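Residue numbers (the working numbering): 21 to 368.
In this text, a Cβ means the ideal position worked out from N, Cα and C, and glycines have one as well.
Remember, predicted model here, so these are calculated numbers, not experimental data.
Encoded as structure tokens, the structure appears first; notes follow it.
Below is the structure:
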């Protein structure tokens, strides 16, 4: 399973979810049991009957920022579109942008709010070799306050060609989102409601939190023919001591550690790379591919992923190639909803 072509599949376009369900927990859930090699159809709302009292769910509490930017070149009035990627403590931004013509260091972009009104400006300082720009808002302003005013939800292009509607501000976000910094969502967490989480905790399930700020590279298809040649993107995350201790307590009681989403799993496995789970803060560029040995998790809740992506490679590495192929074929045959706003699978 080292060649990219082995991670391709055909998906009818009408199975790509364009809107979330009206109720998060009504999403369908394909339960994949590796021990019995079986597939079972359920719903997310059935999780309290599937997850056992001593189990531990590990969720990613990153908060998606309204990172999609629309504006115009102040000098020429030419349309500009961009994506905020990150900001440092001094308020210096890193952005991607596209426009007609060639941008030059020193020029400014006038950002436009959701109503189409001119707002603040950002000044482009320098361009990196990867195509991103260093920029600074003028006048200086708190990054999150500015983005909340002028930014749009950074939907992936397969959802309405990236065009948000008002409800996406709430729905392209988990109910436990807390720490701003992601430019894409940890979508497996979309299915949880506060009521469902309360029910799980009341029956003895632990909900542990970590933070991985999901970056632009998460959904990018792999370009290299061989997985070994793929250059993995890097994302910042932190696993604190409380999370480590909650997971250790779960294991002591004989419970299962269930990673919610590929982002949680990548960060947990990074923190466990030394052989045991330890607190971790920093960037991870871990690419989970065969024959990776999982040390941190026992089960996984995840959405259905795009072909030829690192996300699909991770899921197939954990679930087993033949069983995961069967699961995807079954989900397509049963018309599950795919990708970010779609349904989920639980791999036990």
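How many angstroms separate the CA atom of residue i from the CA atom of residue j?
| i | j | result |
| --- | --- | --- |
| residue 176 | residue 212 | 21 Å |
| residue 255 | residue 75 | 27 Å |
| residue 325 | residue 126 | 40 Å |
| residue 88 | residue 246 | 32 Å |
| residue 271 | residue 343 | 26 Å |
| residue 102 | residue 116 | 5 Å |
| residue 152 | residue 114 | 6 Å |
| residue 133 | residue 314 | 45 Å |
| residue 123 | residue 82 | 32 Å |
| residue 310 | residue 23 | 11 Å |
| residue 291 | residue 322 | 20 Å |
| residue 183 | residue 56 | 42 Å |
| residue 62 | residue 268 | 29 Å |
| residue 341 | residue 225 | 29 Å |
| residue 346 | residue 27 | 13 Å |
| residue 336 | residue 319 | 13 Å |
| residue 286 | residue 294 | 14 Å |
| residue 170 | residue 139 | 7 Å |
| residue 265 | residue 300 | 13 Å |
| residue 374 | residue 25 | Look at the range of the chain in this structure, 21 to 368, and you will see that residue 374 is not part of it. |
Indicate the three-state DSSP secondary structure (helix, strand or coil) for residue i in the structure shown.
| i | result |
| --- | --- |
| residue 237 | helix |
| residue 41 | coil |
| residue 344 | helix |
| residue 188 | helix |
| residue 214 | helix |
| residue 334 | helix |
| residue 68 | helix |
| residue 199 | strand |
| residue 147 | strand |
| residue 423 | In the structure as shown, the chain begins at 21 and stops at 368. Residue 423 is therefore absent and cannot be evaluated. |
| residue 168 | helix |
| residue 273 | coil |
| residue 183 | coil |
| residue 27 | helix |
| residue 209 | helix |
| residue 46 | helix |
| residue 288 | helix |
| residue 161 | coil |
| residue 364 | strand |
| residue 251 | coil |
Determine the contact status of residue i and residue j, defining contact as a CB-CB distance below 8 Å.
| i | j | result |
| --- | --- | --- |
| residue 37 | residue 208 | no |
| residue 110 | residue 163 | no |
| residue 288 | residue 259 | yes |
| residue 54 | residue 368 | yes |
| residue 51 | residue 70 | yes |
| residue 227 | residue 220 | yes |
| residue 84 | residue 205 | yes |
| residue 339 | residue 72 | no |
| residue 356 | residue 29 | no |
| residue 98 | residue 128 | no |
| residue 402 | residue 42 | Since the first residue of the chain shown is 21 and the last is 368, residue 402 is not available in this structure. |
| residue 49 | residue 366 | yes |
| residue 131 | residue 350 | no |
| residue 331 | residue 236 | no |
| residue 203 | residue 157 | no |
| residue 145 | residue 155 | yes |
| residue 13 | residue 195 | Here the chain comprises residues numbered 21 to 368, so residue 13 is not present and cannot be evaluated. |
| residue 248 | residue 277 | no |
Which whole-angstrom value is the C-beta distance of residue i and residue j, which I expect to be below 8 Å?
| i | j | result |
| --- | --- | --- |
| residue 143 | residue 86 | That pair is no contact at about 21 Å. |
| residue 32 | residue 191 | Actually they do not touch by this definition, with Cβ atoms about 23 Å apart. |
| residue 328 | residue 241 | 5 Å |
| residue 141 | residue 94 | 6 Å |
| residue 35 | residue 358 | 5 Å |
Legend entry - Touching by the beta-carbon criterion (3+ pairs, under 8 Å), the region 250 to 269 and the region 297 to 306: yes
Inset, instruction - Would you be able to state if there are at least three C-beta pairs under 8 Å between the region 223 to 242 and the region 269 to 288? - result: yes
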